[in-house]
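Trainee: Handing you a structure now.
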Amino acid sequence: DLTGFGPYYGDATSSLADFQRSLERVKDLDARVWVTSHHRGVLTDRQAFLQALARFAGKIDERNDKLLGYLRERPQTLDELAQRHLLFPPGADQPYIDSAERHTIAQHLAQLARQGRVRVDGSATWHLA
Numbered sequence: 070d071l072t073g074f075g076p077y078y079g080d081a082t083s084s085l086a087d088f089q090r091s092l093e094r095v096k097d098l099d100a101r102v103w104v105t106s107h108h109r110g111v112l113t114d115r116q117a118f119l120q121a122l123a124r125f126a127g128k129i130d131e132r133n134d135k136l137l138g139y140l141r142e143r144p145q146t147l148d149e150l151a152q153r154h155l156l157f158p159p160g161a162d163q164p165y166i167d168s169a170e171r172h173t174i175a176q177h178l179a180q181l182a183r184q185g186r187v188r189v190d191g192s193a194t195w196h197l198a
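In my numbering, the protein residues as written are 70 to 198.
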């Protein structure tokens with residue numbers, strides 16, 4: 070959808086890795102028109118589409134950086150990190166937000182752990198590696 074919110078992969082069945090693969094694949098589509106949801110609408114200029122896609126995908130790196138910053142402050146559990154609201158603004162209290170925050174952050178932490186950038190200890194507390 071290319072919104073400023075960035076990619077959403079916070080549902081129970083969502084996959085950050087699959088979303089990233091999709092973002093890479095869509096770059097190579099031989100298209101003349103890109104129809105997006107949520108605010109952008111129809112794009113007909115390939116360069117404009119690719120720029121919007123890059124900004125959209127860049128939100129994933131911004132979220133990683135934000136999480137790493139939180140862990141620089143001190144080691145934290147998933148619950149503590151989720152309370153910091155990586156996705157939604159502080160004070161947002163819709164029923165789905167806690168679950169979406171936890172699922173999204175867990176996916177980022179797993180990816181960062183595979184990259185050797187963070188680690189989790191026996192008490193489920195996350196640390197910088």
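Here a beta-carbon is modelled for each residue, glycine too, at the ideal position from N, C-alpha and C.
From a predicted model like this one, the values you see are computed outputs, not experimental measurements.
Which residue marks the beginning of the beta strand (DSSP E) containing V187, and which one marks its end?
Mentor: To locate residue 187, count along the sequence shown from 1; it is residue 118. Per DSSP, V187 belongs to the beta strand (DSSP E) from V187 to V189.
Trainee: Determine the contact status of P76 and L92, defining contact as a CB-CB distance below 9 Å.
Mentor: In the sequence shown, counting from the first residue as 1, residue 76 sits at position 7. In the sequence shown, counting from the first residue as 1, residue 92 sits at position 23. Yes, the pair counts as a contact, with Cβ atoms nearer than the cut-off.
Trainee: Using only CA atoms, which one of T72, L71, V187 and T194 lies nearest to N133?
Mentor: The residue given as residue 133 occupies position 64 in the sequence shown. With distances taken between Cα atoms, N133 lies closest to V187.
Trainee: For V102, list the residues DSSP reports as bridge partners.
Mentor: To locate residue 102, count along the sequence shown from 1; it is residue 33. For V102, which the question treats as bridged, DSSP gives no partner whatsoever.
Trainee: Give the DSSP-derived three-state secondary structure of Q145 in the structure shown.
Mentor: Your numbering for residue 145 matches position 76 in the sequence shown. Q145: strand per DSSP, three-state reduction.
Trainee: Buried or exposed, going by whether 16 or more other CB atoms sit within 10 Å of the CB of T113?
Mentor: Position 44 of the sequence shown holds residue 113. Exposed: under 16 other Cβ atoms inside 10 Å.
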